[in-house]
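Data first, discussion second: the structure below is written as structure tokens.
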Amino acid sequence: MKFKLITLFIILCLGFTSCSENETPEPRTTRTILVYMMANNSLNSFASKNIESMIEGATSKNLNGGNLIVYYAPAGSPPELLRIKEENGVVKKIHLKDYEKQNSADPDVMRSVIGEVVSQYPADSYGLVLWSHGTAWLPSDYQNKLKAFGQDGNNWMEIDDLAKGLPDDLFDFILFDACYMASVECTYELRNKAEYILASPTETMADGWPYEEMMPQLFATDLQLEKVGETFYNHYLNNTYPYATVSLTKTSELDNLKSVTHDILADKTESDIYSLDPKKMQRLEYLYRSPGMLYDFNDYIKQLATAEQYDRFISCLDKAVVYKAHTPKSYYAAIGNALPIKSYCGLTIFVPQESLPKMLEWYKQRVGWYKAVYE
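When you line the sequence shown up against mature numbering (1 follows the signal peptide of the UniProt record, and there is no 0), it's residues -20 to -1, 1 to 355, in that order.
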């Protein structure tokens, strides 16, 4: 069934774009990973460093015969498509294609690029790395600062736009090299897009993920994403800036998590929610000093559930979040400080507050999680 869906996706995409300058598809392999880098922003200088890290990680047959493709949209020049490949013991960065100037944060552009790569580099397994800025689902026009996911110049992707840009049932995993994307709202919105989502619920240091160390794990025949998460965690645990949070979500378990959350919230009013004490919840976001918006999901539910409901919730949460880790503190750029993490379940949630009426209105209108658990 998955193969049929991939084939249909390729046919639809080919109606809109050519695959690349080389129209002959590569032989089918075990895995193709696309790194979609929106670097036309303040992270631009880190993008080239991350590409070099990928090149260093592709040595010693670490790609295991797979395809590593990079869609690179830098500042100051149009996007290009690259391939990182080892040939006769030498790793090369091969230029595949130049694009006309385009908005890489447009879901149609993203979908087209994915279609090109899937068509040109067929594989039994596909992975996607989404690289850019991120603020979970929080909308890009809120006080002109929040970004949802992905910045290309003055353009951003809201979380529902990102979902539109990704085909259903294609990817084995999505890895976010971006801040704040391990929220229950984001993972639920993307539940049909990948089997697993690997991301951070707090800020990710600008150096990003350690690609040189991760490549053998990402291309291993027996894909073990927990090890990728451990590599990220250990890299920063022993770093000069020892700040990292990470979680791995199994998306097939999110419907059960949604159902138990809905049962807990079924008899709760907005007044019940507004009366919650934020000091009893671990805040995991400091885009502004105040008010807080994203809190630990478990801490939020703990204040609302009966003992029996909470037991069922924890059972579902443990099945959905299959790996999680955090350093003792997380760093927040807006306040220029690192703060301790005392509670951590691996996912954040937006806590509705009277002081955030515009945000709450947007939440109700555009975020699928709200409709699934509050209505």
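Virtual Cβ for every residue (Gly too), placed ideally from N, Cα, C.
Distance between beta carbons of residue j and residue i, contact taken as under 8 Å
| i | j | result |
| --- | --- | --- |
| Y160 | E265 | 6 Å |
| L76 | R91 | Their Cβ separation, rounded to whole angstroms, is 18 Å, which puts L76 and R91 out of contact at 8 Å. |
| D157 | W189 | 5 Å |
| A300 | L256 | At roughly 22 Å, the Cβ-Cβ gap does not stay under 8 Å, so A300 and L256 are not in contact. |
Cut-off 7 Å between Cβ atoms - residues of its own chain near residue i, not counting five sequence neighbours on either side
| i | result |
| --- | --- |
| E80 | P58 |
| S163 | A116, W117, P181, L274, L327, T328 and I329 |
| K29 | none |
| L319 | K309, S310 and Y312 |
| M194 | G37, V208 and T211 |
| F26 | A186, D187 and G188 |
| Y354 | L245 |
Identity of the residue in the options nearest residue i by Cα
| i | options | result |
| --- | --- | --- |
| residue 361 | N21, D88, E193 and G326 | There is no way to answer for residue 361, as the model of the chain reaches only from -20 to 355. |
| residue 357 | D141, G114, D235 and D140 | Nothing can be reported for residue 357: it is not among the residues displayed for the chain, which extend from -20 to 355. |
| V97 | E6, M137 and L297 | E6 |
| N134 | P102, K299 and S84 | S84 |
| L237 | M137, T167, R263 and L142 | T167 |
| D152 | M194, T229 and L142 | T229 |
| T307 | Y216, A55 and K299 | Y216 |
| A305 | E250, S105 and L178 | L178 |
| V93 | M17, N44, S105 and A55 | M17 |
| N44 | I35, E66 and L14 | E66 |
| V50 | Y101, K260 and P258 | Y101 |
| R8 | T220, D104, L155 and D252 | D104 |
| R11 | T220, D298 and G46 | G46 |
| S335 | G56, W342, P271 and L256 | P271 |
| T241 | Y254, F129 and K351 | K351 |
| I31 | E250, K41 and A19 | A19 |
| I35 | A55, V70, E60 and L23 | V70 |
| I253 | A285, T231, N218 and K299 | A285 |
| E250 | E60, N42 and P337 | P337 |
Same chain only: Cβ atoms within 6 Å of residue i, ignoring 5 sequence neighbours per side
| i | result |
| --- | --- |
| E165 | W117, V347 and W349 |
| S33 | Y191 and E192 |
| S323 | Q262, D276 and D279 |
| P87 | D141, K144 and G145 |
Chain D contact for residue i (CB, 8 Å cutoff)
| i | result |
| --- | --- |
| P54 | Checking the listed chains, one finds no chain D in this structure; it contains a single protein chain. |
Neighbourhood of residue i by C-beta distance below 8 Å, restricted to the same chain and skipping five residues each side
| i | result |
| --- | --- |
| I74 | L62, R63, I64 and K65 |
| Y213 | A224, V226, A305, H306 and T307 |
| I13 | G46, N47, L48, I49, Y106, G107, L108, V109, L198 and F199 |
Quiz item: Does the region 189 to 207 come close enough to the region 243 to 255 that 3 or more CB-CB pairs lie under 8 Å?
Solution: no
Quiz prompt | Meets three-Cβ-pair contact criterion under 8 Å: the region 307 to 321 and the region 329 to 341 | solution = no
Practice problem: Return the chain-ordered ranges of every alpha helix (DSSP H) run that is complete within the region 128 to 209 and spans a minimum of 4 residues. | Solution: 139 to 145, 164 to 169 and 191 to 198
Quiz item: Does the region 167 to 175 come within contact of the region 141 to 153, defined as at least 3 CB pairs closer than 8 Å?
Solution: yes
Quiz prompt | Inside the region 222 to 295 only - beta strand (DSSP E) runs reaching at least 3 residues | solution = 225 to 230 and 274 to 276
Quiz item: What are the complete beta strand (DSSP E) segments, minimum 3 residues, inside the region 22 to 96?
Solution: 47 to 54, 60 to 67 and 70 to 78
Practice problem: Check whether the region 207 to 225 touches the region 274 to 287, taking contact to mean three or more Cβ pairs, one atom from each stretch, closer than 8 Å. | Solution: no
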